[in-house]
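Asks: Residue 433, in the numbering used here, is where the sequence shown stops; the numbers in between run on with no holes.
All residues carry an ideal CB built from backbone N, CA and C; glycine is no exception.
Since we're looking at a predicted model, the values are computed, not measured.
Here it is, the structure, as structure tokens.
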Amino acid sequence: MFKIQTLNAIAVSGLQQFPQNLYQVSADIAEPDAILVRSHSLHGTVFSPSLKIIGRAGTGVNNIPVAALTALGIPVLNTVGANANAVRELVIAGMLLASRNICQAWHYVNQLTTADSAAMEKQIEQHKKQFVGFELLGKTLGVVGLGSIGVKVANSAMNLGMHVIGYDPTITVNRAWELSSGVQQAQHIETLLKESDFITFHVPLTPATTHMLNAKRFSLLKKGVVLLNFARDGIIENAALMDAIQHKKISAYVTDFPHTELKNFPEVISLPHLGASTQEAEENCAVMIVKQVREFLESGTITSSVNFPTIEMPKNPDCERLAIVNANVPNIVAQISSILAASGFNIVGLTNGSRDEIAYTLIDVNAGVDQRLLNEITAIKGVIHARKIRFSL
41 MFKIQTLNAI
51 AVSGLQQFPQ
61 NLYQVSADIA
71 EPDAILVRSH
81 SLHGTVFSPS
91 LKIIGRAGTG
101 VNNIPVAALT
111 ALGIPVLNTV
121 GANANAVREL
131 VIAGMLLASR
141 NICQAWHYVN
151 QLTTADSAAM
161 EKQIEQHKKQ
171 FVGFELLGKT
181 LGVVGLGSIG
191 VKVANSAMNL
201 GMHVIGYDPT
211 ITVNRAWELS
221 SGVQQAQHIE
231 TLLKESDFIT
241 FHVPLTPATT
251 HMLNAKRFSL
261 LKKGVVLLNF
271 ARDGIIENAA
281 LMDAIQHKKI
291 SAYVTDFPHT
301 ELKNFPEVIS
311 LPHLGASTQE
321 AEENCAVMIV
331 KQVREFLESG
341 TITSSVNFPT
351 IEMPKNPDCE
361 RLAIVNANVP
371 NIVAQISSIL
381 AASGFNIVGL
391 TNGSRDEIAY
401 TLIDVNAGVD
411 QRLLNEITAI
421 KGVIHARKIR
431 FSL
């Protein structure tokens, strides 16, 4: 029986996908085969030797020590795209909040103390001009990062009558197919920054994207631009942002990452991490991550990993499967094959992939794999661990 530890509340619709006869699911499991997590920080955690995989019910993995887990041979999975619609809708809402001064107008009406409705209406008519906004139609939106969320935002903006410029030098073929043909491709981010009335960021936080929008690049922006950050804190340099606000360079900044030094600027609309906070997104993430973890534990398949290659191989019910993690160095698969041949095993199927310093191999053999064979394989220099998968489970 596989043991699953949950370190955050995971939607029941997802947890129900674990068959009760094969899985024990609890927050209190001491030696788990898998950990499911949302926002709980795993930095500094001493992981059990039983741990085989970590599933993040969401996209960002800043709360997970990915490099340390890679060294231990443990894949980290996430749920790219499961919350994309929720974030897309919030970005569109953010553009409308900013362009029509909705937050400021709501606050103004909410603070009125006039008891008489006629007097209130007269007062509103006298002061509503301060909240005059502008329409999205015909404006230019710059989308930095054309992953699952960025593509959806770009396509929705096109449907609203906006001109859209996209920048992503690493866009995948699948995302390019999804992207509207009307989206203009920027070869350089500087081009996008110079031409956009709205700019929204949809990139992960990496050394390359940290302070992607800094003082130098703020100087390229149009006066009165609207910035939106529903991606990751740290992509926009706060000191440069405050300077741009004070010099009226931007008309609004809408973000899902509040900061004490920013929240009192009237131009800043800070939301409390609402990007994926919909019932649908939480359920989508839970169902997706449970499916991915089950595929790994039951067949060795790896999909949507942030540190391992994507690997899958059709199940052969007449075989037993070896799942082997090793350092990405030459001759390991050959050594494994030699051990199998010397032990009288026939290789029925084999697939192998690597990603940076890690490699992963699935091998189907005729039945009879025992602990002695696994010990021989794990004794190979560079092999991190190996396990047997029986499809009859």
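In angstroms with no decimal places, state the Cα-to-Cα distance between Val120 and Gln166.
Replies: As a first step, residue 120 is located in the sequence shown; it is residue number 80 there, counting from the start. As a first step, residue 166 is located in the sequence shown; it is residue number 126 there, counting from the start. Going by the C-alpha atoms only, they are around 48 Å apart.
Asks: Leu62 to Leu112, Cα distance in whole Å?
Replies: For this step, residue 62 is matched to residue 22 along the sequence shown. For this step, residue 112 is matched to residue 72 along the sequence shown. Distance between the alpha carbons of Leu62 and Leu112 is about 25 Å.
Asks: Return the residue from the list Ala70, Gly178, Glu161 that minimises the CA-CA distance to Ser236.
Replies: The residue labelled residue 236 in the question sits at position 196 within the sequence shown. Distance from the Cα of Ser236 is smallest, within the candidate group Ala70, Gly178, Glu161, for Gly178.
Asks: If I measure Cβ to Cβ from Val223 and keep anything under 6 Å in the same chain, skipping five residues before and after, which residues do I get?
Replies: Here residue 223 refers to the residue found at position 183 of the sequence shown. Excluding sequence neighbours, Val223 sits near Ala194, Val204, Gly206.
Asks: Specify, as a first and last residue, the run of the alpha helix (DSSP H) that Lys43 falls within.
Replies: In the sequence shown, the residue the question calls residue 43 occupies position 3. Counting along the chain, Lys43 falls outside any alpha helix (DSSP H), though it belongs to the beta strand (DSSP E) covering 42 to 46.
Asks: Is the distance from the Cβ of Ala255 to the Cβ of Ala279 below 9 Å?
Replies: Residue 255 sits at position 215 when you count from the first residue of the sequence shown. Residue 279 sits at position 239 when you count from the first residue of the sequence shown. Yes. Within cutoff.
Asks: Give the range of the beta strand (DSSP E) segment to which Gly422 is assigned.
Replies: As a working mapping, residue 422 is identified with position 382 in the sequence shown. Neither: Gly422 is in no beta strand (DSSP E) and is coded neither H nor E.
Asks: Quick check on the DSSP output: what are the complete alpha helix (DSSP H) runs of length 4 or more inside the stretch 250 to 289, in order along the chain?
Replies: 255 to 258, 278 to 286
Asks: Would you call the stretch 332 to 349 and the stretch 372 to 390 touching, i.e. three or more CB-CB distances under 8 Å?
Replies: no
Asks: Taking Asn125 and Gly98 to be in contact with their CB atoms under 8 Å, please state how far apart those CB atoms are, rounded to whole angstroms.
Replies: Walking along the sequence shown from the start, residue 125 turns up at place 85. Walking along the sequence shown from the start, residue 98 turns up at place 58. Contact doesn't hold; Cβ gap of about 14 Å is too wide.
Asks: Is the stretch 82 to 98 touching the stretch 299 to 308, taking contact as three or more C-beta pairs under 8 Å?
Replies: No contact exists between the stretch 82 to 98 and the stretch 299 to 308.
Asks: Label Thr153 either buried or exposed according to how many other C-beta atoms from any shown protein chain fall within 10 Å of its C-beta, with 16 as the threshold for buried.
Replies: Position 113 of the sequence shown, counting from 1, holds the residue named residue 153. With fewer than 16 other Cβ atoms within 10 Å, it is exposed.
Asks: Which stretch, first to last residue, makes up the beta strand (DSSP E) that contains Gln64?
Replies: Along the sequence shown, read from residue 1 onward, the residue named residue 64 stands at position 24. That run of the beta strand (DSSP E) goes 63 to 66.
Asks: From Ile376 to Ile417, what distance separates their C-alpha atoms?
Replies: Translated into the one-based positions of the sequence shown, residue 376 becomes position 336. Translated into the one-based positions of the sequence shown, residue 417 becomes position 377. So the alpha carbons of these two residues sit roughly 6 Å apart.
Asks: Going straight from the alpha carbon of Ala108 to that of Ala74, what length do you get?
Replies: Here residue 108 is taken as the residue at index 68 of the sequence shown, counted from 1. Here residue 74 is taken as the residue at index 34 of the sequence shown, counted from 1. C-alpha separation (whole angstroms): 16 Å.
Asks: With DSSP as the reference, label Gln56 as helix, strand or coil.
Replies: As a working note, residue 56 is residue 16 in the sequence shown. Coil at Gln56, not helix or strand.
Asks: Say whether the stretch 349 to 359 touches the stretch 384 to 399, bearing in mind that this needs 3 or more beta-carbon pairs closer than 8 Å, one atom from each stretch.
Replies: yes
Asks: To the nearest angstrom, report how far apart Gly408 and Tyr400 are at their CA atoms.
Replies: Locating residue 408 in the sequence shown gives position 368, counting from the first residue. Locating residue 400 in the sequence shown gives position 360, counting from the first residue. Distance between the alpha carbons of Gly408 and Tyr400: 22 Å.
Asks: Alpha helix (DSSP H) containing Phe336: first to last residue?
Replies: Against the sequence shown, residue 336 aligns to sequence position 296. Phe336 -> alpha helix (DSSP H) spans 319 to 339.
Asks: Where DSSP assigns a beta bridge to Glu38, which residues make up the other side?
Replies: The shown model of the chain, from 41 to 433, leaves out residue 38, and the question about it has no answer.
Asks: Among Ala284, Lys169, Val365, whose alpha-carbon lies nearest the alpha-carbon of His425?
Replies: To locate residue 425, count along the sequence shown from 1; it is residue 385. Comparing Cα-Cα distances from His425 to each of Ala284, Lys169, Val365, the minimum goes to Val365.
Asks: Tell me the residue span of the beta strand (DSSP E) that contains Ile205.
Replies: By one-based count along the sequence shown, residue 205 stands at place 165. Ile205 -> beta strand (DSSP E) spans 203 to 207.
Asks: What did DSSP end up calling Ser90 once you bin it into helix, strand or coil?
Replies: In the sequence shown, the residue the question calls residue 90 occupies position 50. Three-state result, Ser90: coil.
Asks: For Val172, which option in Leu136, Ala155, Gly182, Ala197 has the closest C-alpha, if you only look at C-alpha atoms?
Replies: Numbered from its first residue, the sequence shown carries residue 172 at position 132. The residue with the shortest Cα to Cα distance from Val172 is Leu136.
Asks: For Arg395, which beta-bridge partners are listed by DSSP?
Replies: In the sequence shown, the residue the question calls residue 395 occupies position 355. DSSP lists Ile398 as partners of Arg395.
Asks: In the DSSP assignment, what are the bridge partners of Ala292?
Replies: One-based indexing of the sequence shown puts residue 292 at position 252. Residue pairing for Ala292: DSSP places it in a beta bridge opposite Val266.
Asks: Quick check: Arg361 and Ser339, are their CB atoms within less than 9 Å of each other?
Replies: Mapped onto the sequence shown, residue 361 falls at position 321. Mapped onto the sequence shown, residue 339 falls at position 299. Yes, the Cβ-Cβ distance between Arg361 and Ser339 is below 9 Å.
Asks: Report the three-state DSSP secondary structure of Asp141 (helix, strand or coil).
Replies: By one-based count along the sequence shown, residue 141 stands at place 101. The question names Asp, but residue 141 is Asn in the sequence shown. The answer is coil: DSSP assigns Asn141 none of H, G, I, E or B.
Asks: Would you kindly check if the distance between the Cβ of Cys359 and the Cβ of Ala122 is under 9 Å?
Replies: As a working mapping, residue 122 is identified with position 82 in the sequence shown. As a working mapping, residue 359 is identified with position 319 in the sequence shown. No, they are not a contact pair.
Asks: Tell whether a beta-carbon distance below 9 Å holds between Phe305 and Asp283.
Replies: To locate residue 305, count along the sequence shown from 1; it is residue 265. To locate residue 283, count along the sequence shown from 1; it is residue 243. Not in contact: Phe305 and Asp283 (Cβ atoms no closer than 9 Å).
Asks: Relative to the C-alpha of Ala51, which candidate in Val327, Phe431, Val423 has its C-alpha closest?
Replies: On the sequence shown, position 11 is the one that residue 51 refers to. Nearest C-alpha to Ala51: Val327.
Asks: Relative to the alpha-carbon of His83, which residue among Arg427, Gly185, Gln163, Val101 has its alpha-carbon at the smallest distance?
Replies: Locating residue 83 in the sequence shown gives position 43, counting from the first residue. Measuring from the Cα of His83, the nearest candidate turns out to be Val101.
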